[in-house]
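Trainee:
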Amino acid sequence: MKILVFVNHVPDTETKVKVGADGKSIDTAGVNYMLNPYDEFAVEEALRTKQAFGGEVVVVSLGGDANKETLRKSLAMGCDKAVLLKDQSVRDSFAVASSLAAYAKEYGAEIIFCGKQSIDYDDAQVGGIVAELLGWPSISVVVKLEITDGNIIAEREIEGGHEIVHAKLPAVIIAQKGLNEPRYPSLKGIMDAKRKPIEEKSASPADNRVEVLALRQPPAKAAGKIVGTDASAAAELVRLLHEEAKVI
Amino acid sequence: MKILAFAEQRNGQFKKVAFEVVKAAQTISEQLNAEVIALVVGNNISSIAGQLGGYGAAKVICVEEPRLELYSTTAYAKIIAEIAKAESAEVLLLPASAMGKDVAPRVAVKLNAGLAVDCTALSVNNGTITATRPVYAGKGLVDVVVKTPVKLFSLRPNVFTAGNSNGTPAPVDIRKVELSDTDFSAAVKEVKQSSGKKDVAEADIIVSGGRGLKGPENFKMIEELAASLGAAVGASRAVVDAGWRPHDEQVGQTGKTVSPSLYIAVAISGAVQHLAGMSSSKYIVAINKDKEAPIFSVADYGIVGDAFEVVPAITAEVKKLLGK
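Read top to bottom, the protein sequences are chains H and X. Mapping of the first sequence onto the working numbering: position 113 corresponds to residue 563, and the numbering continues sequentially without gaps. Mapping of the second sequence onto the working numbering: position 104 corresponds to residue 157, and the numbering continues sequentially without gaps.
(1) Any residues in the stretch 195-218 of chain X with a beta carbon nearer than 8 Å to a beta carbon of chain H? Which ones, in chain order?
(2) Just how far apart, CA to CA, sit residue 466(H) and residue 475(H)?
(3) Can you check whether the CB of residue 355(X) is closer than 7 Å to the CB of residue 680(H)?
(4) If you measure from the beta carbon of residue 709(H) to each beta carbon in chain X, is any gap under 7 Å?
(5) Quick one: what's residue 155(X) bridged to in DSSP?
(6) Determine the direct distance from the alpha carbon of residue 580(H) to that of residue 661(H), and round the result to whole angstroms.
(7) State the Cα-Cα distance for the pair residue 142(X) and residue 368(X), rounded to the nearest angstrom.
(8) Determine, for residue 300(X), whether the minimum Cβ-Cβ distance to residues of chain H falls below 7 Å.
(9) Within 7 Å (strictly less), CB to CB, does residue 264(X) reach chain H?
(10) Does any C-beta atom of chain X lie closer than 7 Å to the C-beta of residue 587(H)?
(11) My assumption, with CB atoms under 8 Å, is that residue 319(X) sits in contact with residue 261(X). Please give the rounded CB distance.
(12) Give the straight-line distance between the Cα atoms of residue 527(H) and residue 259(X), rounded to the nearest whole angstrom.
(13) Please report whether the beta-carbon of residue 598(H) lies at a distance below 7 Å from any beta-carbon of chain A.
(14) So for residue 537(H), helix, strand or coil by DSSP?
(15) Please look up how many angstroms separate the CB atoms of residue 643(H) and residue 541(H), rounded, as I've assumed it's under 8 Å.
(16) Give the residues of chain X in contact with residue 662(H), contact being defined as C-beta atoms less than 8 Å apart.
(17) In chain order, which continuous runs of the beta strand (DSSP E) of length 3 or greater are located wholly inside the stretch 290-348 of chain X?
(18) Looking at C-alpha atoms only, which residue of 347(X), 78(X), 136(X) is the closest neighbour of residue 226(X)?
(19) Would you mind working out which of 73(X), 86(X), 118(X) sits nearest residue 108(X), comparing C-alpha positions?
(20) Nearest chain H C-beta to residue 315(X) closer than 7 Å, yes or no?
(21) With a threshold of 8 Å, are at least 3 pairs of Cβ atoms found where one atom belongs to the stretch 235-249 of chain X and the other to the stretch 114-131 of chain X?
(22) Quick one: list the residues of chain X neighbouring residue 478(H), beta-carbon separation under 7 Å, in chain order.
(23) Can you name, in chain order, every residue of its own chain whose Cβ lies under 6 Å from the Cβ of residue 219(X), other than the five neighbours on each side?
(24) Output the residue ranges of the beta strand (DSSP E) runs that lie fully inside the stretch 483-512 of chain H and measure 3 residues or longer, sorted by chain position.
(25) Quick test of your reading: residue 548(H) and residue 656(H), contact by CB under 8 Å. State the CB separation rounded to the nearest angstrom.
(26) Taking Cβ positions, are residue 160(X) and residue 132(X) nearer each other than 7 Å?
(27) Can you give me the C-alpha to C-alpha distance between residue 221(X) and residue 95(X), rounded to a whole angstrom?
(28) Mind listing the chain H neighbours of residue 73(X)? Cutoff is C-beta to C-beta under 9 Å, in chain order.
(29) Taking the alpha-carbon positions, what's the residue 628(H) to residue 659(H) distance?
(30) Keeping to the same chain, check which residues put their C-beta closer than 8 Å to that of residue 334(X); ignore five residues upstream and five downstream.
(31) Put residue 354(X) into one of helix, strand or coil per three-state DSSP.
(32) Can you tell me whether DSSP reads residue 206(X) as helix, strand or coil?
(33) Report yes if the CB atom of residue 110(X) is closer than 7 Å to the CB atom of residue 89(X), and no otherwise.
(34) From what residue to what residue does the alpha helix (DSSP H) around residue 281(X) run?
(35) Along chain X, which residues have their Cβ under 8 Å away from the Cβ of residue 487(H)?
(36) Tell me which residues share the same chain as residue 309(X) and place their Cβ nearer than 6 Å to its Cβ, disregarding the 5 neighbours each side in the sequence.
Below, the structure is given as structure tokens:
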């Protein structure tokens with residue numbers, strides 16, 4: 451099976467948001483980057499799919515040279531080949547997705563995996579847009595996946611429960627935490643990854659449809675009130691919640 | 054100009070966010086001089102449709118048939134896009150719920166439109182809609198505009214106020230959209246409800262526990278406090294990663310971002326990524342032994358003390374207050 455997995459290179463979860471000089475994006479000084487956590491579940495599921503059906507896993511990322519680090523990590527986990535769709539411009543989800551879809555078509559992908567959202571812009575759009583552009587079904591926030599003879603049965607998370615979704619290949623599977631337990635790259639994997647090629651191509655052009663006017667920090671909360679230091683404070687806390695905050 | 058508001062229903066009942074979306078459409082319609090049309094998709098739903106008039110819909114379009122009883126990404130996307138085209142709607146509002154987040158990107162592509170997701174505010178200036186949405190799980194906010202002729206916005210549940218219905222019923226217009234089997238290429242066959250469990254993403258009150266609880270068995274007191282308040286149980290990443298709690302309860306950057314009226318954090322120190330997911334809650338209570346814990350910096354009320362003593366005491370007080 452020709453398996454594609456999309457990965458993004460994002461500021462890690464410890465990052466504190468400081469507005470950059472352009473007023474629209476974060477100040478990246480001192481920021482550490484990582485393979486987007488949700489994409490890690492996608493990579494793992496792609497590798498398991500290859501284990502079950504054979505074929506190859508190609509990992510694709512759109513961005514600058516920095517994204518090679520994330521591609522390398524995916525290769526170390528076991529992906530066969532990496533492709534960097536080079537582009538330094540600021541792209542919205544549609545512009546990213548349209549280039550990824552164009553590459554998927556060119557490659558002849560039979561299944562695509564991606565994470566449910568990037569933890570920077572939290573946009574959660576790329577998988578759905580790619581599927582729509584390809585005319586494929588998509589299943590999002592997937593926590594369980596079974597593929598038999600080209601038939602997919604997936605479980606997706608909804609409010610207070612799960613939906614069991616049926617679809618057929620080819621399809622886009624959008625991973626949620628819980629889908630699997632991503633493997634750690636082995637030492638051999640890390641060594642092998644250094645020898646695996648990263649193919650560089652220029653990303654197909656696409657126009658943004660959503661424009662960011664400004665990035666700002668959420669209003670800071672004023673310091674609260676320490677109600678007490680032991681169980682005797684419980685009554686006062688409940689009174690405050692009832693009478694002052696009026697939330698219970 | 055027309056605004057199409059997608060009103061989500063499940064099992065023939067509107068979700069609370071359906072009213073929020075219709076009301077938000079009505080609020081911006083005044084400045085845009087627009088007409089608000091609501092759309093309901095499902096099976097046997099025309100009888101509930103009219104009530105959307107009470108939240109500002111001038112008309113409600115219903116698309117119903119047995120195959121739409123359960124959600125289908127592909128079929129719902131087609132219906133929403135077809136109705137938007139038929140009505141020449143220029144603005145579409147959807148919920149940023151599990152359904153809305155799933156369907157909206159596909160609808161946007163069908164309408165050659167841009168989509169701003171998970172918006173927490175909409176404002177109109179000189180006919181242009183500016184949306185505010187959290188990024189980095191709420192560590193930042195961006196103001197965005199959609200540049201395409203047709204514009205989509207999905208709205209975070211629990212943020213926009215629906216208020217009370219003014220009781221005006223809206224006329225219901227039942228429409229047919231031709232659907233072939235291929236339009237159901239991704240379709241839900243079964244819904245498994247977690248019995249009686251409230252979801253953190255929808256809850257008005259959340260009681261969350263962290264690693265300071267020392268073990269999964271100690272979540273019983275969190276569950277008891279949550280039950281006394283009618284609240285959902287949440288969890289920090291540390292306890293989810295340790296396997297104490299299911300990941301659908303995780304609050305934070307790699308879990309759910311929540312905005313309840315009341316968030317009670319028990320034995321959670323407040324890592325950056327956790328604070329990101331809950332600091333937009335209206336009121337925050339922190340219970341922690343460590344007075345230096347970062348959670349206190351966002352808390353409205355704090356108790357610096359032992360959760361094992363404090364939490365059962367709060368549960369008892371809540372029961373006393375609410376007469377349970």
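Heads up, the beta-carbon is just placed ideally off N, CA and C, and yes, glycines get one too. Just so we're clear, the structure is a prediction, and the values are computed from it rather than from any experiment.
Mentor: Taking the geometry as given:
(1) Listed in sequence order: 195, 196, 197, 198, 199, 200, 201.
(2) 12 Å
(3) no
(4) Residue 709(H) lies beyond the range of chain H shown here (451 to 698); nothing can be said about it.
(5) None; residue 155(X) has no bridge partner.
(6) 20 Å
(7) 50 Å
(8) Put simply, the CB of residue 300(X) is near chain H, with a gap under 7 Å to one of its CB atoms.
(9) no
(10) yes
(11) Contact holds; Cβ gap of about 7 Å.
(12) 37 Å
(13) Absence of chain A from the displayed structure is noted, the protein chains being H and X.
(14) coil
(15) Actually they do not touch by this definition, with Cβ atoms about 26 Å apart.
(16) 195, 196, 197, listed in chain order.
(17) 315-319, 336-341
(18) 136(X)
(19) 73(X)
(20) yes
(21) yes
(22) The contacting residues do not exist; residue 478(H) stays about 12 Å from chain X at best.
(23) 107
(24) 483-485
(25) The pair is a contact, with the Cβ atoms about 4 Å apart (cut-off 8 Å).
(26) No, the pair does not count as a contact, with Cβ atoms beyond the cut-off.
(27) If you take the alpha carbons of residue 221(X) and residue 95(X), they lie about 23 Å apart.
(28) What residue 73(X) touches in chain H: nothing, since even the nearest Cβ is about 14 Å away.
(29) 32 Å
(30) 259, 311, 312, 313, 314, 315, 316
(31) strand
(32) strand
(33) Yes, they are a contact pair.
(34) 272-282
(35) Within 8 Å Cβ-Cβ: 307.
(36) Same-chain partners within the cutoff: 253, 254.
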